[in-house]
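Numbering (the working numbering), first residue to last: 59 to 230.
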């Protein structure tokens, strides 16, 4: 579950909100609106009443069982993060880590694996079968290799794969 919590005080309000989430998520699934469903998924990990998160009320929805949803929303999340200009991302990180210089390749790698970690955590929270989670990670990370670079520095290469598309990131 995420670190930010928005508490709903009344259980009746919480349950009504969960019912609205379920209705909208059903429509998202019918309309193949992955982006909106992904936003609602994030919110479901944010809202809670007493000790129960919203996602726990929504666990039985069919959209969470769909590998199409997980793959498409992951792809969307990675591409959305990559569209943010590197300079802007570096500025944000500089405020959090003022003494560390973040290179573009490291930033892309951190973004990719950060998204992967979040999605695997969410899939586990929604109690997807381990085989589905393994398939998801296997389809989305085809190759990770570390070794000596040509200039003597350690180098990391990883490939983000999605069927016939591959994006290769290299860090030297």
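Virtual Cβ for every residue (Gly too), placed ideally from N, Cα, C.
* Go ahead and label residue 64 buried or exposed: buried means 16 or more other beta carbons lie within 10 angstroms of its beta carbon, across all protein chains shown. => exposed
* So, residue 136 versus residue 173, is the Cβ gap smaller than 9 Å? -> In contact: residue 136 and residue 173 (Cβ atoms closer than 9 Å).
* What span of residues does the alpha helix (DSSP H) with residue 123 cover, start to end? -> Per DSSP, residue 123 belongs to no alpha helix (DSSP H) and is neither H nor E.
* Under a three-way DSSP split, which group does residue 136 fall into? -> Correct three-state label for residue 136: helix.
* **C-beta atoms of residue 131 and residue 177 nearer than 9 Å** => yes
* Can you tell me the Cα-Cα spacing of residue 72 and residue 107, whole angstroms? -> 6 Å
* Sheet register partners of residue 67 (DSSP bridge) -> DSSP, once it has assigned bridges, lists no residue as partnering residue 67.
* Cα separation between residue 105 and residue 93? -> 19 Å
* Just curious, the alpha helix (DSSP H) that residue 93 is in, first and last residue? -> 92-102
* Own chain residues within Cβ distance below 8 Å of residue 193, not counting five before or after -> 125
* Alpha-carbon spacing of residue 116 relative to residue 98, whole angstroms -> 10 Å
* Straight-line gap, residue 87 to residue 127 (C-alpha atoms, nearest Å) -> 8 Å
* Endpoints, alpha helix (DSSP H) assigned at residue 114 -> 112-115
* Asked: From the DSSP output, which residues share a beta bridge with residue 106?
  -> Here residue 106 is bridged, per DSSP, to 65 and 111.
* For my contact list, residue 83 and residue 133 are in at a C-beta cut-off of 8 Å; report their separation, rounded to the angstrom. => The C-beta distance from residue 83 to residue 133 rounds to 19 Å, too long to meet the 8 Å contact threshold.
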